[in-house]
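Read the structure below first, then the notes.
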Ligand code: GLN
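Numbering (the numbering used here), first residue to last: 9 to 297.
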């Protein structure tokens with residue numbers, strides 16, 4: 009039995025109630041509007057234009073359920089089933105990491121190294137919902153992009169995103185890191201691998217407990233996956249090919265050292281839009297490739 013009988017509420021009152029319940033979130037007002045837009049099936053601008061409009065009892069019930077789940081920490085992107093990345097609307101589920109704005113830095117750095125023309129082959133390791141692979145594929149239609157993931161469920165989501173976006177220059181292969189592409193070589197390898205240290209307190213805070221641990225945590229210093237990717241890169245890059253990796257806010261120095269020790273050229277760090285060291289780029293030697 010609900011504590012009180014369900015009632016119709018105006019948009020303004022429903023939003024005010026939700027803001028109060030979500031007061032622990034950084035962006036409670038915006039989150040409440042996104043969730044109400046989803047529950048009521050209208051755009052945010054329509055909500056804001058008609059705050060006096062009454063919501064049905066059913067719309068109120070759906071909205072209150074979403075607000076309760078958000079207050080318990082479920083990411084907004086999972087509650088509404090999508091997140092925008094690189095201006096592409098992407099389906100996301102709890103089988104995939106929620107794409108972060110800082111990962112757009114990785115896409116920018118990849119595009120700089122993929123001038124229009126030619127038919128470069130690009131590999132996105134641990135693609136999740138396909139965000140990076142699809143962003144690159146949408147900007148460089150002539151590229152052939154391969155996205156891999158260990159999780160078949162994630163690749164299923166990536167495929168659905170590809171179909172909805174009608175991008176025909178991407179394929180998906182299931183497997184752990186390079187296992188999925190054993191004998192292939194690429195012009196550019198990109199990855200946002202798991203890089204949070206096991207036991208990092210952030211893993212049990214905010215949205216992270218709801219996201220797949222496989223996509224977040226990677227060994228005692230968070231660098232296990234990055235080490236594997238760096239180790240395998242020389243045998244999967246064509247001559248002068250590029251490796252681009254996202255990493256944690258305090259890991260750039262360690263990742264640059266790993267790349268230098270592995271014999272890469274032009275090893276360089278890049279900051280994200282918030283000014284945090286977030287991405288490294290490195291070029292394979294001009295060997296026989
Ligand atoms: N950037 C994510 C976070 O710290 C981690 C993503 C990752 O491990 N690739 O919230």
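From the three backbone atoms N, C-alpha and C, an ideal C-beta is built for every residue, glycine too.
As the structure is a computational prediction, the values presented were derived from the model and not from experiment.
Residue i and residue j closer than 8 Å at C-beta
i	j	result
residue 133	residue 180	no
residue 44	residue 23	yes
residue 119	residue 178	no
residue 117	residue 287	yes
residue 140	residue 114	yes
residue 99	residue 169	yes
residue 70	residue 39	no
residue 263	residue 253	yes
residue 51	residue 96	no
residue 201	residue 228	no
residue 222	residue 158	yes
residue 298	residue 81	No statement about residue 298 is possible, as the shown extent of the chain runs from 9 to 297 and does not include it.
residue 195	residue 128	yes
residue 110	residue 281	yes
residue 103	residue 135	no
residue 230	residue 270	no
residue 182	residue 160	yes
residue 249	residue 292	yes
residue 266	residue 197	no
residue 65	residue 26	no
residue 199	residue 237	yes
residue 79	residue 34	no
residue 144	residue 151	yes
residue 122	residue 154	no
residue 72	residue 94	no
residue 233	residue 203	yes
Local Cβ density within 10 Å of residue i, reported as buried at 16 or more and exposed below that
i	result
residue 15	exposed
residue 9	With a pLDDT of 47 at residue 9, under the threshold of 50, the modelled position of this residue cannot be trusted; read the value that follows with caution. Classification of residue 9: exposed, given that the 10 Å Cβ count is below 16.
residue 210	exposed
residue 283	exposed
residue 58	exposed
residue 213	exposed
residue 87	buried
residue 241	buried
residue 259	buried
residue 176	exposed
residue 105	buried
residue 261	exposed
residue 268	exposed
residue 172	exposed
residue 60	exposed
residue 256	buried
residue 124	exposed
residue 19	buried
residue 67	buried
Beta-ladder partner(s) of residue i, from DSSP
i	result
residue 129	152
residue 179	154
residue 80	DSSP output for residue 80 lists no bridge partner at all.
residue 210	Residue 210 is not bridged to any residue.
residue 204	225
residue 137	In the DSSP output, where bridge partners are listed per residue, residue 137 has none listed.
residue 277	288
residue 91	98
residue 17	63
residue 196	130, 250
residue 245	194
(request) Under 7 Å from any heavy atom of the ligand GLN, by CB: list those residues in chain order, please. (result) Those residues that have a beta carbon less than 7 Å away from any non-hydrogen atom of the ligand GLN are, in order along the chain, 105, 108, 110, 200, 201, 202, 203, 204, 210, 216, 223, 224, 254, 256.
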